[in-house]
Amino acid sequence: MRKLLLTLLSIGAVTTATANETITIGASSVPHTDILKFITPALKKQGYDLKITEFSDYITPNIAVYQKSLDANYFQTKPYLAQYNKDHHTNLVDLVDVHLEPMGAYAAANEAKFIQSKKGSDLVKGSKIAVPNDPTNEGRALNILEANGIIKIKSGVALPTKKDIIDNPYQVEIVELDPAMLTRALKGNQVNIAIINSNIAMQSGLNPVKDSVLIENTSSPFANLVAIRPEEVNEPKMKALVKAITSPETKKFIVDKYKGAVVPTF
0 MRKLLLTLLS IGAVTTATAN ETITIGASSV PHTDILKFIT PALKKQGYDL KITEFSDYIT
60 PNIAVYQKSL DANYFQTKPY LAQYNKDHHT NLVDLVDVHL EPMGAYAAAN EAKFIQSKKG
120 SDLVKGSKIA VPNDPTNEGR ALNILEANGI IKIKSGVALP TKKDIIDNPY QVEIVELDPA
180 MLTRALKGNQ VNIAIINSNI AMQSGLNPVK DSVLIENTSS PFANLVAIRP EEVNEPKMKA
240 LVKAITSPET KKFIVDKYKG AVVPTF
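Numbering that gives the first Met the number 0 puts the first residue of the sequence shown at 0, with every later residue one more than the last.
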């Protein structure tokens, strides 16, 4: 009996010593979840199990981290996080920047001339252009249109809205939609052009490099980041997460898998 008890205690001690701590993280599907699944084995070697929860919206993941039902999330850009904190009186912080998803403009078949020339003068008169309806991504989308001479925006505005358009020579109509609705509106011919974040485009079978008519410059400041609560920044599990997600192996995975549709920023 004594020998059995000592054996059980020994097993318990080994189990306790080797049990991994769990990191819970919320993420968008593509490419965020793909990247997190890739780093899961590396984190396991560091003593952490990564539990991933997928989200299809841009609000719930921040609520979950702030309310401590998740340790972290990975889906948003720094300007979006700053605006979210301001609007919701939260204090989430950027743990690490991971990748850029160049935003692209995708055109319906009736914009054949524009698809070929990429010139605003070849747009169908009165074209409806759908943009994301959150302030950060709408601003990015409008900046792409201005960079390509389709509209002109008031000077000094980093993240413009429709109200900041001061010249619209081709009489385009800007349609603000929930990001998840953009590809549906485009494929349903409800709009002529949709400007879509790469992760949403890829989920819908669009290739940002091959299928977009216009694409955001890769020098864009809108890198996707891992967000956490400020008091967690120096926790060992967060340092382990940073090490795994910014490793040379992760960089190679992003480059090889997405071929320019997703660009590592570390």
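The beta carbon of each residue, even a glycine, is placed where N, CA and C say it ideally should be.
Output the distance between the C-alpha atoms of residue i and residue j, rounded to the nearest integer angstrom.
| i | j | result |
| --- | --- | --- |
| F265 | K124 | 42 angstroms |
| A222 | D121 | 32 angstroms |
| A16 | E234 | Residue placement at A16 is flagged as unreliable, the pLDDT there being 48, under the threshold of 50; the coordinate-derived value follows with that caveat. Those two C-alpha atoms are separated by around 19 angstroms. |
| V13 | P60 | Residue placement at V13 is poorly supported in this model, since its pLDDT is 44, which falls under 50; the coordinates still yield a value, given next. The straight-line gap from Cα to Cα measures roughly 35 angstroms. |
| L185 | K112 | 17 angstroms |
| A146 | P131 | 17 angstroms |
| A18 | E215 | 44 angstroms |
| G148 | N142 | 10 angstroms |
| L224 | Y73 | 6 angstroms |
| K266 | I173 | The chain is shown from 0 up to 265; residue 266 falls before or after that span and cannot be answered. |
| S203 | L181 | 10 angstroms |
| L5 | V241 | Note on L5: pLDDT 48, under 50, position unreliable in the model; no value is reported. |
| A200 | D210 | 10 angstroms |
| D93 | Y169 | 39 angstroms |
| Y83 | S27 | 17 angstroms |
| P40 | Q75 | 24 angstroms |
| S246 | V254 | 13 angstroms |
| A239 | Y105 | 38 angstroms |
| H87 | D56 | 16 angstroms |
| I62 | T249 | 28 angstroms |
| T52 | G119 | 41 angstroms |
| V95 | L42 | 16 angstroms |
| R183 | A129 | 11 angstroms |
| Q189 | A81 | 32 angstroms |
Classify residue i: buried if its beta carbon has 16 or more other beta carbons within 10 angstroms, exposed otherwise.
| i | result |
| --- | --- |
| E175 | exposed |
| I165 | exposed |
| D70 | buried |
| E20 | exposed |
| E137 | buried |
| G187 | exposed |
| I58 | exposed |
| T217 | exposed |
| K153 | exposed |
| G46 | exposed |
| K67 | exposed |
| K236 | buried |
| P263 | buried |
| L8 | Here the model assigns L8 a pLDDT of 46, short of 50, so the residue's position is not dependable, and the following value carries that caveat. That one is exposed. |
Would residue i count as contacting chain C if we go by Cβ distances under 7 angstroms?
| i | result |
| --- | --- |
| L158 | This model lacks chain C altogether, as it is built from one protein chain only. |
Taking Cβ to Cβ, would you say residue i is nearer than 7 angstroms to residue j?
| i | j | result |
| --- | --- | --- |
| L35 | V64 | no |
| E100 | V261 | yes |
| D163 | V156 | yes |
| I194 | A140 | yes |
| K127 | N191 | yes |
| L144 | I150 | yes |
| K50 | T32 | no |
| V29 | N198 | yes |
| V97 | I227 | no |
| P220 | G103 | no |
| I114 | V212 | yes |
| P78 | T135 | yes |
| F54 | F252 | no |
Any heavy atom of the ligand ADP closer than 6 angstroms to the beta-carbon of residue i?
| i | result |
| --- | --- |
| A104 | This structure simply doesn't include the ligand ADP, nor any ligand for that matter. |
Quick check on the DSSP output: the alpha helix (DSSP H) that includes residue i runs from which residue to which?
| i | result |
| --- | --- |
| A140 | 134-146 |
| F37 | 33-44 |
| T249 | 247-257 |
| Y174 | Checking the sequence, you will find Val at residue 174 rather than Tyr. No alpha helix (DSSP H) holds V174; the beta strand (DSSP E) holding it covers 172-176. |
| L240 | 235-244 |
| T182 | 181-186 |
Quick one: give me the first and last residue of the beta strand (DSSP E) that residue i is part of.
| i | result |
| --- | --- |
| F74 | 71-76 |
| T23 | 20-26 |
| V64 | Where V64 is concerned, there is no enclosing beta strand (DSSP E), although the alpha helix (DSSP H) it sits in stretches over 59-65. |
| P131 | 127-131 |
| A193 | 192-195 |
| K161 | First-last for K161: undefined, no H or E at that position. |
| L49 | 47-53 |
Which whole runs of the alpha helix (DSSP H) in the stretch 198-233 are 4 residues long or more, in chain order? 207-210
Can you give, in chain order, each stretch of the alpha helix (DSSP H) that sits fully within the stretch 73-119 and has at least 4 residues? 77-87, 111-116
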